[in-house]
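Input: a single structure, listed below in structure tokens.
Chains as they are written, first to last, in our numbering: chain A, 37 to 482; chain B, 18 to 183.
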């Protein structure tokens, strides 16, 4: 296949993803939208009639909603990891998968950002969290980790969105040439006047490098900041210097698992098998192995350090409570999903079977949600005051709001898929031009 | 022959386009290109200096750093309420906010710089920009008096199509 034919093939394959959606797409969209709407209605019960719809009671005043927040921030992580960090390391396998990961990041941050606001109880006062001039000269407390969150999440959302849109510009320009009607206008806007001149590329490639350089420490900072929501408190099970790296590794683990969960059906539904190959899934599975081992090491460190404390120590007591108390099923399911699942992927035959890989990624996603629940809830339920201990059990309303997050995320993603090219056309063309003749798989994104 | 003596060559392969650019530059033609991807060999053949966008982005990041410091320190001093027994100006927590604001303003400046750079680039290379090449081929435009010489070089380098352009 000549370079021109390869370029056309790549462009046609990507263009086809923006074709008329089939019934499966509409059913998926309706299902996701329905779940999101049910979650929103359930939340409206809390707003309209009060917190009695939740299982929140002293001392457990953080429950599912904060768990959802931490979980979705974690999901948002791997997009920028795959996009920015692997770009800086020149990992070529990122080319075919990073756009999906970036889209996932933006939509996951949009989901995560909602949940602390929903948790506020009076979400209409969320703007109080931002520093703005006011007549009483009140300013936010910058020493509070909750304000660090506001800055970290807002910055992450803006930078991730900009990073996504900048990457899309050359692809939108390519699609613009043969598009008609509203799509042509949309691509023209997304293309930012892109014509592909060498002067444009000269600035663009430099700017992209800087975006990656900004995004990389930002990724690490955002989940570190989220971990400090817990770590700077004095609660047993939270007050740990291990938290930032532990959270970052867990975030990457859950994020990569979600990328695979999206890619596997996506490549089949949109016939992208030639661009997103088993090689890409294999490389992502290796990332899961790496981060899964870091997470396992973190679990072991946390537990062993706590268990070496003398009997009666609050830290030791909290960890024994997690492992043997009423939340023990949550703890051990988490260990099974997040430690055993990734380790299975060390075996090449396991990670190369798409159905098995998909199943393990589902397990990791469940496991990572349980990990967040385990951190948020069990420590609060078993604080330093034994008379205060209480088991928090989420109500159906809280489960509905949690499910609503998944509905909201997949609704946004399905809409986004029809507006933004799900793989990078320009970068695949660059690779295709340099692939050895006849190496079809290499031509399409290895 | 075109009025301004510009010749366009369309290439399927970046290697051929890079050869043409090198030969045209050696023959003292002015060269503009447009391509669907940043082919490194073509960019290297053009021999242009690295984009100066970094200086703008760095200035933006510095501005963000300054804004972050002013925001955290200034507002804390303006509302000096002691919380948790911590100093009014607590450097470690403020560093987090300052870092985020630095990244935010630096990134937005980078965005503004690349959009401005792209617009200026399109204006400076009007012919290549007008022809555009975002699809499947690479456009090389040579400008100079000797259009026939430019056309010969483009053909010899493997251009699939050579024609005069205004």
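Where is the CB? At the ideal position from N, CA and C, for every residue including glycine.
- When Cβ-Cβ separations below 9 Å define contact, residue 164 (chain A) makes no contact with chain B.
- Residue 271 (chain A) sits in coil when the DSSP states are folded into three classes, being neither helix nor strand.
- When the beta-carbon positions are compared, residue 138 (chain A) and residue 115 (chain A) come within less than 9 Å of each other.
- Judged by DSSP secondary structure, residue 297 (chain A) falls within the alpha helix (DSSP H) whose first and last residues are 279 to 305.
- According to the DSSP assignment, residue 463 (chain A) belongs to the alpha helix (DSSP H) that extends over 461 to 470.
- In the three-state reduction of the DSSP assignment, residue 23 (chain B) falls in the strand class.
- Cβ neighbours of residue 469 (chain A) within its own chain (closer than 6 Å, five residues either side excluded): 39.
- Contacts with chain B at 9 Å (Cβ-Cβ) include residue 239 (chain A).
- Cβ neighbours of residue 248 (chain A) within its own chain (closer than 7 Å, five residues either side excluded): 120, 123, 124.
- The three-state secondary structure of residue 179 (chain B), taken from DSSP, is strand.
- The C-beta distance from residue 461 (chain A) to residue 47 (chain A) rounds to 6 Å, short enough to meet the 8 Å contact threshold.
- Of all residues in the segment 134 to 155 of chain B, only 134, 135, 136, 138, 139, 141, 142, 145, 146, 149, 150, 151, 152, 153, 154 come within less than 7 Å of chain A when Cβ atoms are compared, listed by chain position.
- Taking CB atoms only, residue 39 (chain A) has a neighbour in chain B less than 9 Å away.
- DSSP places residue 50 (chain B) in the strand class (E or B) of the three-state scheme.
- In the structure shown, the three-state DSSP call for residue 28 (chain B) is strand.
- In chain order, 181 place their CB closer than 7 Å to the CB of residue 268 (chain A), counting only its own chain and leaving out the 5 sequence neighbours on each side.
- One Cα belongs to residue 22 (chain B), the other to residue 143 (chain B), and the distance between them is close to 14 Å.
- Contact with chain A is absent for residue 180 (chain B), since none of that chain's Cβ atoms lies less than 9 Å from the residue's Cβ.
- In the three-state reduction of the DSSP assignment, residue 411 (chain A) falls in the helix class, which pools H, G and I.
- Rounded to whole angstroms, the separation of the alpha carbons of residue 237 (chain A) and residue 135 (chain B) is 8 Å.
- The beta carbon of residue 427 (chain A) lies closer than 7 Å to those of 362, 417 in the same chain, with the five residues before and after it left out.
- When DSSP states are grouped into helix, strand and coil, residue 276 (chain A) belongs to the coil group.
- The Cβ of residue 46 (chain B) sits no closer than 9 Å to any Cβ of chain A.
- The beta carbon of residue 209 (chain A) lies closer than 8 Å to those of 223, 227, 230, 231, 232 in the same chain, with the five residues before and after it left out.
- Of A:466, A:454, A:471, the smallest CA-CA separation from residue 52 (chain A) is found for A:454.
- Against chain B, the beta carbon of residue 184 (chain A) has neighbours under 9 Å at 110, 113, 114, 117, listed in chain order.
- Inclusion of residue 120 (chain B) and residue 191 (chain A) in the CB contact set at 9 Å is warranted, their separation being smaller than that value.
- Annotated three-state conformation of residue 110 (chain A) is helix, per DSSP.
- Residues of chain B whose Cβ lies closer than 7 Å to the Cβ of residue 50 (chain A) do not exist; the shortest such Cβ separation is about 12 Å.
- With distances taken between CA atoms, residue 160 (chain B) lies nearest to B:182 out of B:182, B:117, B:113.
- Taking C-alpha positions only, residue 25 (chain B) is separated from residue 158 (chain B) by approximately 4 Å.
- Going by DSSP, residue 180 (chain A) is part of no beta strand (DSSP E) at all; its letter is neither H nor E.
- DSSP, reduced to helix, strand and coil, places residue 158 (chain B) within a strand of the structure shown.
- At least one CB atom of chain B sits nearer than 9 Å to the CB of residue 47 (chain A).
- In chain order, 120 make up the part of chain B whose C-beta sits under 7 Å from the C-beta of residue 254 (chain A).
- Listed along chain B, no residue sits closer than 8 Å to residue 135 (chain A) by beta-carbon distance, the nearest being about 15 Å off.
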